[in-house]
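Using this note's numbering, the letters of the sequence shown map in sequence onto residues 216 to 320.
Presented below is the structure to which this report refers.
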Amino acid sequence: MSKILQEIAEVLERRKHEPAEKSYVASLYAKGLNKILKKIGEEATETVIAAKDGDKQQIIYETADLWFHCMVMLADQGLGPDDVLQELQRRFGLSGLEEKAQRSQ
């Protein structure tokens, strides 16, 4: 796994034990899964708009926000970036059609 993803995952785990008033991530955890999912939706929309506008720096910025909030959701659910990377590794080399066919079985 990328070193930065691992470092972020470690910080997200530590934030679970911090007071909500001292950390943005701790405040998301305290507000619950629905708030975290709402943030993912907001960031996904902002990413789409940035891509539609074609501003490469804004695309990078918004994608970073989206990935970050997805990592918060993963941590909230007891998962981490390694779980997603393992799934991507499993899919690597499969055609999209083949992978979809496997899901329906």
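Ideal Cβ placement from N, Cα and C applies to all residues, glycine included.
Rounded separation between residue i and residue j - CA only
i, j, result
"Ile-274", "Val-263", "8 Å"
"Lys-267", "Asp-291", "31 Å"
"Glu-236", "Arg-229", "15 Å"
"Gly-308", "Pro-234", "44 Å"
"Val-240", "Ser-310", "37 Å"
"Gly-295", "Gln-221", "9 Å"
"Glu-272", "Ala-279", "The identity of residue 272 in the sequence shown is Gln, whereas the question assumes Glu. Whole-angstrom Cα-Cα distance: 11 Å."
Where residue i falls: helix, strand or coil (DSSP)
i, result
"Glu-257", "helix"
"Gln-292", "coil"
"Glu-236", "helix"
"Gly-269", "coil"
"Leu-309", "coil"
Limits of the alpha helix (DSSP H) - the one that residue i falls within
i, result
"Lys-246", "239-246"
"Ala-224", "218-230"
Proximity below 7 Å, CB of residue i to CB of residue j
i, j, result
"Met-288", "Ile-223", "no"
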